[in-house]
Ligand SMILES: [Zn+2]
């Protein structure tokens, strides 16, 4: 099996992370410089569940490197619908492409798929599992906005099913970061993630109330709480309401607090936060392109 | 074990005696070995037999069958104190303790219904053995309590 698949943020060392972020910063400074770099290379897009942003940002990144994509298209029109196994699908598509990007609704799917292919595979989200490229762009945003030293990060929302949260929490154990997890009791971090953080010696605390920690935070990473996680609409509304922020909520925060969100948001961050200096989520989304260019460049170089 | 207790389960000629099994786990031991009686195996079980070391223990004797290392590895998850006695011609010729393996493959079923290993894919379940419990190598789910309930024998 190749060792350049990107499956989980757990496997990213501080050196790995910093080399991608440094390269991304060079690319961001001069985006046109790599226009012909991967002429003729093809990236296979395996999106087994809808994802507009992640997919668009990979397509943009690949085209800005001079390459192109091959896309299996929506799942409801593909052979998957006819019952083909994931293992078969990836073995077919690897023959068309120099690298694969996969989004799939089941946990562990990216790891399993990577065991069947000889081209590098990037996990673009596996169910409630991991989303390591999102984490790299999150880290890029954190580094440019707050730096990595002596960092206090609050992560709030759906911590149980939020794959971006799981990946980010793992990656932050590489840095001098205190992590505060804020969520309703029913959406706390899964046991597996807590286990890894303890193993890594991470400094972490869990809270149900943002007020307990807001004033100490350098970064507040907000995620969406989804209605379908709750048995009924009322229960959802009651819980979700407590994990929404607006400009007034942030009145007690540090002046240089950075508010992030993997997007799309619904109503967990009110529009009046956009007008404050705290808002960093659109910048964060834009950072996806140079970060994914850096990562694809590294992988496509290695696969030559 | 005194001779009196030994008599509760009959002696075997060739095979394996699994002794010092955690009380109440004998049927799970058989499940791990894939023994449900349909294969015609000759099996004797003692359940909740008094034991100096464990208070109560189970004993499983399987005639005509020696255990593989894989099977012994998995036994260690539910019966960490077990001893394996290989019997040939009425004599115990080998005696060893179980040891916890680094991982167990194809034996446990992941309790996460969203885990790729629970679907119709050509992949075995794979669990890393932790100090307490086991962990799915694909979806990271940790099982700590009642591991035996997740034993999956085809
Ligand atoms: Zn699993």
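Chains as they are written, first to last, in our numbering: chain A, 1 to 304; chain B, 1001 to 1154. For glycine and all other residues, C-beta sits at the position ideal for the given N, C-alpha and C.
- With the criterion CB distance below 6 Å from any heavy atom of ligand 1, the matching residues run A/108, B/1110, B/1112, B/1115, B/1117, B/1136, B/1138, B/1139 and B/1141 along the chain.
- The three-state secondary structure of residue 195 of chain A, taken from DSSP, is helix.
- Neighbours of residue 1122 of chain B across chain A, judged by C-beta separation under 8 Å: 85 and 87.
- Under the three-state reduction of DSSP, residue 1121 of chain B is assigned to coil, being neither helix nor strand.
- Residue 1142 of chain B and residue 182 of chain A have their C-alpha atoms spaced approximately 22 Å apart.
- Per DSSP, reduced to three states, the secondary structure at residue 170 of chain A is helical.
- Inside the segment 1024-1066 of chain B, DSSP marks whole alpha helix (DSSP H) runs of 4 or more residues at positions 1026-1032, from first to last along the chain.
- With a cutoff of 8 Å on beta-carbon distance, residue 226 of chain A and residue 118 of chain A are scored as not near each other.
- Excluding its 5 nearest sequence neighbours in each direction, residue 1132 of chain B has C-beta neighbours in its own chain below 8 Å: 1144, listed in chain order.
- In the three-state DSSP reduction, residue 1113 of chain B falls in the coil class, being neither helix nor strand.
- Interface criterion met: the Cβ of residue 1119 of chain B is under 8 Å from a Cβ in chain A.
- For residue 112 of chain A, the closest Cβ of chain B is nearer than 8 Å.
- Of all C-beta pairs linking the segment 124-144 of chain A to the segment 290-303 of chain A, three or more are shorter than 8 Å, placing the two stretches in contact.
- Annotation: the continuous beta strand (DSSP E) that includes residue 178 of chain A extends over 177-182.
- Contact check for residue 258 of chain A against residue 280 of chain A passes: the beta carbons are separated by less than 8 Å.
- Neighbours of residue 127 of chain A in chain B, taken as residues whose beta carbon is under 8 Å from its own, are 1114 and 1139 in chain order.
- Apart from the 5 residues on each side of it in sequence, residue 1150 of chain B sits with its Cβ closer than 7 Å to the Cβ of 1108, 1109, 1111 and 1143 in its chain, given in chain order.
- Residue 1106 of chain B and residue 108 of chain A have their C-alpha atoms spaced approximately 16 Å apart.
- Burial check for residue 22 of chain A: the Cβ neighbour count within 10 Å stays below 16, so the residue is exposed.
- DSSP places residue 124 of chain A inside the beta strand (DSSP E), whose first and last residues are 121-126.
- Rounded to the nearest whole angstrom, the C-alpha separation of residue 141 of chain A and residue 34 of chain A is 22 Å.
- Distance between residue 1080 of chain B and residue 1123 of chain B, taken at the CA atoms: about 28 Å.
- Close to chain A, meaning a Cβ-Cβ distance shorter than 8 Å, is no residue of the segment 1027-1050 of chain B at all.
- About 7 Å separates the beta carbon of residue 68 of chain A from that of residue 62 of chain A, a gap short enough to meet the 8 Å contact definition.
- Counting only Cβ-Cβ distances below 8 Å, residue 1084 of chain B has no contacts in chain A at all, with the closest Cβ about 30 Å away.
- With contacts defined by Cβ atoms closer than 8 Å, residue 129 of chain A and residue 1139 of chain B form a contacting pair.
- For residue 1142 of chain B, a Cβ of chain A is located within less than 8 Å of the residue's own Cβ.
- For residue 286 of chain A, there is no enclosing beta strand (DSSP E); the enclosing alpha helix (DSSP H) covers residues 281-286.
- Rounded to whole angstroms, the gap between the alpha carbons of residue 47 of chain A and residue 11 of chain A is 23 Å.
- No residue range can be given for residue 1151 of chain B, since it is assigned to no alpha helix (DSSP H) and is classified by DSSP as neither H nor E.
- By the criterion of at least three beta-carbon pairs nearer than 8 Å, the segment 160-174 of chain A is in contact with the segment 213-229 of chain A.
- Residue 195 of chain A reaches chain B at 1130, 1135 and 1142, counting residues in chain order whose Cβ is nearer than 8 Å.
- Inclusion of residue 271 of chain A and residue 245 of chain A in the CB contact set at 8 Å is not warranted, their separation being larger than that value.
- The C-beta of residue 63 of chain A comes no closer than 8 Å to any C-beta of chain B.
- Judged by pairs of C-beta atoms under 8 Å, the segment 1015-1034 of chain B does not touch the segment 84-95 of chain A, as fewer than three such pairs exist.
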